[in-house]
Structures are given as structure tokens and as C-alpha cells.
Amino acid sequence: LLALVPSLTLRVNPSEITRVGVADGESVRVSTARGSIVLPLAGDASVPEGVAVIPFNIGETGVADLIDVSLVVTDLRLETLR
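Be aware that the sequence shown starts at 10, since it is given in my numbering, and climbs by one per residue.
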């Protein structure tokens, strides 16, 4: 079934891509208090500004390790890799 799943990306509102100063599809480091992971960034107008969407139940990606399940919201930081 994993073959049916699209590649893992961090989806954000296109205005966030402009604010961070990277190109759509460029990789960024996503960091939380629990760790970090490098993912490609994808603009998605359906994602509200200030929100990031990462599927966390897809295979062994390590994304679930970034989430503190005791919190309602997990704060994250985006870093360019340049």
C-alpha cells in the first residue's frame, strides 16, 4: 500500500514559502522540541497561513517522533538548507 502514497512533503500556504524565501519543492529542516527532519516544502492554498501539514502515519518516516501527543498543537520551526 505504501506504493500508493504520494511522497512525503511539508504542506504550507504559498505565502509561507515566499516568507521563508525558498522555492516550492525545495527541502527545509522542520524542527520541533522533540527533533528535526528534512522534507521538501509544497505550497497548498488550502492550508491556512501559519499552519503546516505533515502526514505522520505513513511508513517509517520519523515524522511521528516530532509530535508531542500531550499537546494540542506542536510548534515547529522551518530552516533553509542553503
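Yeah, the Cβ is synthetic: ideal placement off N, Cα and C, and Gly gets one too.
Item, Value
"The segment 24 to 38 / the segment 48 to 67 touching (three or more Cβ pairs under 8 Å)", "yes"
"Between the CA atoms of VAL21 and GLU88 - distance to the nearest angstrom", "14 Å"
"Supposed contact pair ASP74 and THR83 - C-beta distance, whole angstroms, cut 8 Å", "Not a contact, Cβ separation roughly 11 Å."
"Coil, strand or helix - ALA73 by DSSP", "helix"
"GLU25 - containing alpha helix (DSSP H), residue span", "23 to 29"
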